[in-house]
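Chains as they are written, first to last, in my numbering: chain A, 4 to 243; chain B, 32 to 247.
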């Protein structure tokens, strides 16, 4: 995964910078700078999502009996799994976020304030635990690894490509107004937690798009829903 | 979103160019999957059963490579068809040539995947190595973007990438000639070389590992 994100940054982002129209990316200086926070958030998402694969394997191999014999409560176990998935996402994402901040500083001289960094980290942490919860919920809904992998692929691509990870949200909205992109896809992109995570990072790195508390609220709601759903689903499976 | 020059380099329509590239990326990703089956078989002790079958080791290995290639081709066929209908089939004869070359490409990728898997013998290491290889081999090809927009060093590597050959031959078959990097004959030749080397290597390595429980 590290190599994939590195390849995205040092190959794909560089090539797309030569291809993307300056009108689309001029607010961020160039597409490379716009794309860097997007790669950070995709790395966070992919790493946090890995917990689902592990839990699905545990489910198939019936390791739950061993887990139940451990000296802590079922709630602690369930919540711990969701949290650990989220923390993994943060640990994995950290070097990419540092690289993004460094690249932005080199090109623009901008460095986010301490408060800005705290808001970025809080937002990304919420995206990460929400993703972990989403992944666990999906992995518990089927014992078949193939079905889980298929569902994971669908969720990955909808959330990745229907977001502001690869293209600015105002460009997506413009396409919606022109009728090129269906309105429901525009709505998904606006509500997508990956959009909120990437745009929060961009807001404090470039000042564009303008930061809105809605971004934090959106990811907080996403995290709350999926942490609770995953914890309940995990408890139910453990007890079953 | 992309510059006008990109549309020109992509043969007039970057969307068609990209769609054709995605088919090749998917074909590659599916063909690589054969090695996970081999690891699963080793984990579950199915290899002993396979060795007891009345077929030679070589037939078994060749069958795995062909099976992997064929499966990936069947998986990708619906998307391939949609893309071809979207682009518009202008010359069915060319499409057939492209399909034949892509069959060989998929077998070659399966062979490459088997060669790496049986050389490493560790599922985790294989996962890491394949992840790294996939990340670079796909991005350093012309599946997603025309070579004209790549920095010089990347462009040089892309010209020798089997995915570039496959993308080129598929685009040629679909009638997107203006976007081709090289003569289609050279692309077919590149795919043939890739197929021959990796199918041959895959057979030798797998055959050796099968003997005396060497896959464990």
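Note that the Cβ used here is the ideal one computed from N, Cα and C, for glycine as well. Note that the structure is a prediction, hence the values are computed from the model and not measured.
Please classify residue i as buried or exposed, where buried requires at least 16 neighbouring CB atoms within 10 angstroms.
i, result
"residue 108(B)", "exposed"
"residue 105(A)", "exposed"
"residue 47(B)", "buried"
"residue 117(A)", "exposed"
"residue 180(A)", "exposed"
"residue 224(B)", "exposed"
"residue 213(A)", "exposed"
Does residue i come out as helix, strand or coil in the three-state DSSP assignment?
i, result
"residue 18(A)", "helix"
"residue 284(A)", "The structure shown does not extend to residue 284(A), since chain A is modelled only from 4 through 243, so no value can be given for it."
"residue 33(B)", "strand"
"residue 80(B)", "helix"
"residue 117(B)", "helix"
"residue 190(B)", "coil"
"residue 73(A)", "coil"
"residue 87(B)", "coil"
"residue 148(A)", "helix"
"residue 38(A)", "helix"
"residue 66(A)", "coil"
"residue 114(A)", "coil"
"residue 183(A)", "coil"
"residue 122(B)", "coil"
Just to confirm, are residue i and residue j a CB contact at a threshold of 8 Å?
i, j, result
"residue 213(B)", "residue 118(B)", "no"
"residue 92(B)", "residue 238(B)", "yes"
"residue 193(B)", "residue 136(B)", "yes"
"residue 123(A)", "residue 35(A)", "no"
"residue 40(B)", "residue 179(B)", "yes"
"residue 225(A)", "residue 196(A)", "yes"
"residue 157(B)", "residue 148(B)", "yes"
"residue 222(A)", "residue 200(A)", "yes"
"residue 198(B)", "residue 227(B)", "no"
Run through chain B and tell me which residues come within less than 9 Å of residue i, C-beta to C-beta.
i, result
"residue 17(A)", "181, 182 and 185"
"residue 53(A)", "Near residue 53(A) there are no residues of chain B at all, since even the closest Cβ is about 11 Å away, more than 9 Å."
"residue 6(A)", "159, 162, 163, 164, 165, 166 and 167"
For residue i, go through chain A and note every residue whose CB falls closer than 7 Å to its CB, in chain order.
i, result
"residue 33(B)", "22, 23 and 24"
"residue 37(B)", "22"
Just the chain B side, please: which residues come within less than 7 Å of residue i by C-beta, in chain order?
i, result
"residue 170(A)", "32"
"residue 10(A)", "166, 167 and 170"
"residue 42(A)", "Those do not exist, as residue 42(A) stays about 12 Å from chain B at its closest Cβ, beyond 7 Å."
So which residues of chain B does residue i contact, with C-beta pairs closer than 8 Å?
i, result
"residue 320(A)", "What the structure shows of chain A is the stretch from 4 to 243, and residue 320(A) is not part of that stretch, so it cannot be assessed."
Handout entry: Inter-stretch contact (C-beta, 8 Å, three-pair minimum) for the region 170-183 of chain A and the region 224-242 of chain A
Key = no
Practice task
Please confirm if the region 160-171 of chain A is in contact with the region 75-93 of chain A, defined as three or more CB-CB distances below 8 Å between the two stretches.
Solution key: no
Handout entry: Three CB pairs or more closer than 8 Å across the region 126-146 of chain B and the region 48-65 of chain B
Key = yes
Problem - Meets three-Cβ-pair contact criterion under 8 Å: the region 7-20 of chain A and the region 156-169 of chain B - result: yes
Exercise for the section: Tell me, please, whether the region 127-135 of chain A touches the region 107-116 of chain A by the rule of three or more beta-carbon pairs shorter than 8 Å. Expected result: no
Practice task
Could you tell me whether the region 121-132 of chain B touches the region 195-206 of chain B, using the rule of 3 or more Cβ pairs below 8 Å?
Solution key: yes
Practice task
Examine the Cβ distances between the region 67-81 of chain A and the region 20-37 of chain A and report whether three or more of them are shorter than 8 Å.
Solution key: no
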